[in-house]
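Chains as they are written, first to last, in the numbering used here: chain U, 78 to 646; chain V, 154 to 265.
Each residue gets a CB set at the ideal place from its N, CA and C atoms; glycine is no exception.
None of these values were measured; they are calculated from a predicted model.
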């Protein structure tokens, strides 16, 4: 049973009051609305009409709403049960542009549904792929899902986009007001104010934008001209398929799936103070929901959906991760899909407000990723495993010209820092598994070896296995106590052979020596005994060994003593 | 293991550094015994530099504590790293010792 961390005001199982929940949901909708730029980009790329763009934005909202609720469901194998909202997935942008330009929007809708079905199938085998996702891999993916948002966040923060390359002072002011308010409330406010840090920051940002004329009469006209209620034009619906586009969509959905692994891992971690590793069964349910939201996205005429790292970051920042909020978000999005006038409030969001909000949210995501990576011991092998994909991923944003001539089939991999880093880290993880023995042997010679021998051996092995530091140090302590007790009282006639084996869930240490068995009492010697009697020192060691290990077994055969220590990992 | 000491008023502060195991804890015992024989009755052991302590180290701390309390003095521990503190808990010694987050706090406690 996950233990709720104290920094959360509302944990995943908590039930916030109705109004609070609605306001929390509204904050998330603001962030989700940022991704609605992707369907607009796709429609514009084929010279589509504003009505087509409006239709696709509305249907993407509908798909995101349904996807967010499916993700929170956690019923009959569907959904991870976490607040992990769906958005128009950036991983799909490249493949979607290709599909729309090759065969129009109907091909895009058909291929999006097909990609979703592939993800549904992938979810059925995901729990068996635990070996592909050790904490270094999921941690890097989590960090990269944050890093990949930077090229979108920064230009927006300073009021720039493809058509506007000049930063004006009012835009800087709005950015500072918005980000400063959000950060200030998160850091210095008391009580429940932190829950609404983004909503308050955005409100201040909108007001500053109106005062400084970033939002002006033309934006107001867009708002007033939009109909209050509108239903989709049935003429826009339609599905067709082009098998030549299958590979880019499969690559896109694979990248999106890796991102979902990272997002759900973060959700697991932030909701459990005792989190140790990714729960892949839970991830499988989340990927099923993610796949279904793609299928829905394609069916209703929206863009491919993916879990949103920015929204997960927001829930960390505000300390509110209740799954009930996911249903509020879902309800709001479905509602807004048919109310263009209200949806326009989000569509006209000033760029600096957008940028500030993204920076606030992804800060948490990037740090969460590095925390996951550092929860394990790292040796040279694991340093390269994290470092190389990190560098290559960052190069996509820093040196995009390097990848200009990549074949179009592989474009989705090289289209974002996340995709490239995620694919590389998974591949390198498989390669670096070569040559790691899961069982290692150490011979301790009384009078020759000391604590260094044990520390060096165990630390090296712990790092090679990517074990948790605290478990390795418990094993070191137990083995060292054993060595001191056995050698200090001359229980061993010769060498002590130690064999250590590891898998993700178990660390086992077996020590064998010829001689007298060690006393392993269940109660600690009294203080008086410890001060009076030297033999009680050995009993204290035996007692400590029993406390360090999760289980201890001792047997003796033909003069050989065998002590088996087990540590849960 | 490195071993240092300093004074703060009439309180002596002992600063071990490294691993406190069977081989190094004797050295610590000699140091504390020496301070006691010089007449010092208020000792703080600052564990900031200690990465690991074995049961031999725990025993030395226990012996020093008892020796000081017998003569009207006391020994306090400060700045234990989380894992070192956990070993004191595992050994069931946290009830015996007064443990403080920082050296200044431990020294100030002698003044009360």
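Where does residue 328 of chain U sit, in a helix, a strand or coil, going by DSSP?
helix
Sort U:641, U:627 and U:444 by Cα distance to residue 633 of chain U and report the nearest one.
U:641
Of the choices V:172, V:204, V:251 and V:157, whose alpha-carbon is the least far from that of residue 185 of chain V?
V:157
Do residue 509 of chain U and residue 453 of chain U have their C-beta atoms closer together than 8 Å?
no
From the DSSP secondary-structure annotation, give me the bridge partner or partners of residue 196 of chain V.
Answer is V:165 and V:228.
How many angstroms separate the CA atom of residue 557 of chain U from the CA atom of residue 207 of chain V?
Between the alpha carbons of residue 557 of chain U and residue 207 of chain V lies a distance of about 8 Å.
Between the region 235-265 of chain V and chain U, which residues of the former have CB atoms less than 8 Å from a CB of the latter, in chain order?
236, 240, 243, 244, 245 and 249
Kindly indicate which residue of V:213, V:240 and V:181 has the alpha-carbon position closest to the one of residue 154 of chain V.
The shortest C-alpha separation from residue 154 of chain V is found at V:181.
Using a Cβ-Cβ cut-off of 8 Å (strictly less than) and excluding sequence neighbours within five positions of residue 658 of chain U, which residues of its own chain qualify?
Beyond the ends of chain U as shown, which are 78 and 646, falls residue 658 of chain U; an answer cannot be given.
Got a sec: is the Cβ-Cβ distance from residue 222 of chain V to anything in chain U below 8 Å?
no
Since residue 310 of chain U contacts residue 132 of chain U with CB under 8 Å, what's their CB separation in whole angstroms?
6 Å
Count the other CB atoms, across all protein chains shown, that sit within 10 Å of the CB of residue 466 of chain U; report buried if there are 16 or more and exposed otherwise.
buried
Per DSSP, what are the beta-bridge partners of residue 451 of chain U in this structure?
DSSP output for residue 451 of chain U lists no bridge partner at all.
Would residue 283 of chain U pass as a contact of residue 430 of chain U if the rule is Cβ separation under 8 Å?
yes
Per DSSP, which residues does residue 521 of chain U bridge with? Please list them.
Residue pairing by DSSP places residue 521 of chain U opposite U:573 in a beta bridge.
For residue 334 of chain U, which beta-bridge partners are listed by DSSP?
Residue 334 of chain U is not bridged to any residue.
Evaluate contact between the region 84-95 of chain U and the region 140-147 of chain U, counting only Cβ atoms and requiring at least three cross-stretch pairs below 8 Å.
Output reads no: the region 140-147 of chain U does not touch the region 84-95 of chain U.
Where in the region 347-401 of chain U do unbroken runs of the beta strand (DSSP E), each at least 3 residues long, occur, reported from the N-terminal end onward?
382-384
Using beta-carbon positions only, say whether residue 563 of chain U and residue 549 of chain U come within less than 8 Å of one another.
no
Applying the criterion that 16 or more other CB atoms from any shown protein chain within 10 Å of the CB defines a buried residue, is residue 215 of chain U buried or exposed?
buried
Does residue 604 of chain U come within less than 8 Å of chain V when only Cβ atoms are used?
yes
According to DSSP, simplified to helix, strand and coil, what is residue 629 of chain U?
strand
Residues of chain U with a CB under 8 Å from the CB of residue 215 of chain V: which are they?
By Cβ distance, chain U contributes 604, 607 and 608.
Quick check: what's the CA-CA separation for residue 249 of chain V versus residue 605 of chain U?
Cα atoms of residue 249 of chain V and residue 605 of chain U: separation of roughly 13 Å, rounded to the nearest angstrom.
DSSP three-state label for residue 610 of chain U, please.
Look at residue 610 of chain U here: in three-state DSSP terms it is coil, with no helix or strand label.
Use the C-beta contact count for residue 388 of chain U: other C-beta atoms within 10 angstroms, 16 or more gives buried, fewer gives exposed.
buried
Relative to chain V, which residues along the region 535-561 of chain U have a C-beta separation below 7 Å, given in chain order?
550, 554, 557, 558 and 561
Pair every Cβ in the region 265-279 of chain U with every Cβ in the region 466-478 of chain U, then say whether three or more of these pairs are closer than 8 Å.
no
By Cβ distance below 6 Å, which residues in the same chain neighbour residue 647 of chain U in space, the five residues on each side in sequence not counted?
Absent from the structure is residue 647 of chain U, since the part of chain U shown begins at 78 and ends at 646.
Counting only C-beta atoms, is residue 617 of chain U closer than 8 Å to chain V at any point?
yes
Just verifying my parser: in three-state terms, what is the DSSP assignment at residue 169 of chain U?
helix
Does any C-beta atom of chain U lie closer than 8 Å to the C-beta of residue 174 of chain V?
Residue 174 of chain V has a beta carbon lying within less than 8 Å of a beta carbon in chain U.
If you follow the alpha helix (DSSP H) that residue 499 of chain U is part of, which residue opens it and which one closes it?
Going by DSSP, residue 499 of chain U is part of the alpha helix (DSSP H) stretching over 494-509.
Can you look up residue 81 of chain U in the DSSP assignment and give me helix, strand or coil?
coil
Taking the C-alpha atoms as reference points, what is the distance between residue 228 of chain V and residue 218 of chain V?
5 Å
Going by DSSP, name the residue or residues bridged to residue 233 of chain U.
According to DSSP, residue 233 of chain U bridges with nothing at all.
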